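So for the sequence shown, the UniProt record's numbering puts the first residue at 1; every next one is plus one. Built from N, CA and C at the ideal position, the CB exists for glycine as well. All of these numbers come straight from a predicted model, not from anything done at the bench.
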Amino acid sequence: MLWACILLPQLAMDSALRQRSNPDAPLALLGGPAQRRQLQAVNPAARALGLKPGQSLIAAQALSRDFATAEYDLAAVERWQAFLAAWAYGFSSQVSLHYPRALLLEVQSSLALFGPWPRFEARLRKELTALGFRHRLCLAP
């Protein structure tokens with residue numbers, strides 16, 4: 001059997017950016033208690049300001065005030081992961097959500113339908129990009 005792993009390292013940010021009128025504006029997702037807010041994820045524009053995940057909100061605001069914040073929404077992340085699993089069933093009858101922010105697909109049986117791995121991989125990448133999800137993709141036995 002061959003398995004494809006689709007890693008979605010920015011799933012929370014990709015989810016939050018869908019709700020923004022300007023997805024290119026600096027954005028940080030926050031988590032933690034009210035007295036100790038912490039950046040959970042940042043988009044590329046916020047990273048360019050010097051912000052990084054794990055940083056306290058106070059430290060981030062000391063670097064710049066030119067960024068928006070939103071709450072890290074675990075329920076939204078789980079909904080989008082379930083959505084992507086449903087999408088993946090269009091390519092494989094075996095899809096696993098066992099790992100956070102990742103999908104595992106059995107693809108050996110799909111190669112006869114979708115062509116050799118390089119063509120199949122290109123299609124997966126194209127569709128994930130069109131759906132607006134940053135991803136990493138690998139194949140393993």
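Inter-residue CB distance, residue i and residue j (contact presumed, cutoff 8 Å)
| i | j | result |
| --- | --- | --- |
| LEU17 | LEU8 | Not really, about 13 Å apart at Cβ, beyond 8 Å. |
| GLU71 | LEU30 | 6 Å |
| TRP80 | LEU11 | 6 Å |
Backbone CA spacing between residue i and residue j [nearest angstrom]
| i | j | result |
| --- | --- | --- |
| residue 142 | PRO116 | What is shown of the chain runs 1 to 141, which leaves residue 142 out entirely. |
| ALA51 | SER109 | A small correction: the amino acid at residue 51 is Leu; Ala does not occupy that position in the sequence shown. If you take the alpha carbons of LEU51 and SER109, they lie about 44 Å apart. |
| LEU49 | THR69 | 14 Å |
| GLN55 | LEU63 | 11 Å |
| MET1 | VAL107 | 7 Å |
| TRP3 | LEU137 | 10 Å |
| GLN19 | PHE91 | 28 Å |
| LEU111 | GLN94 | 14 Å |
Coil, strand or helix - residue i by DSSP
| i | result |
| --- | --- |
| SER56 | strand |
| LEU8 | coil |
| GLN40 | strand |
| ALA48 | helix |
| LEU2 | coil |
Bridge partners - residue i, DSSP secondary structure assignment
| i | result |
| --- | --- |
| GLY115 | Per DSSP, none; premise fails for GLY115. |
| ARG136 | LEU7 |
| residue 172 | Residue 172 is absent from the structure shown; the chain starts at 1 and stops at 141. |
Within the segment 71-107, ranges of the beta strand (DSSP E) (whole runs, at least 3 residues): 102-106
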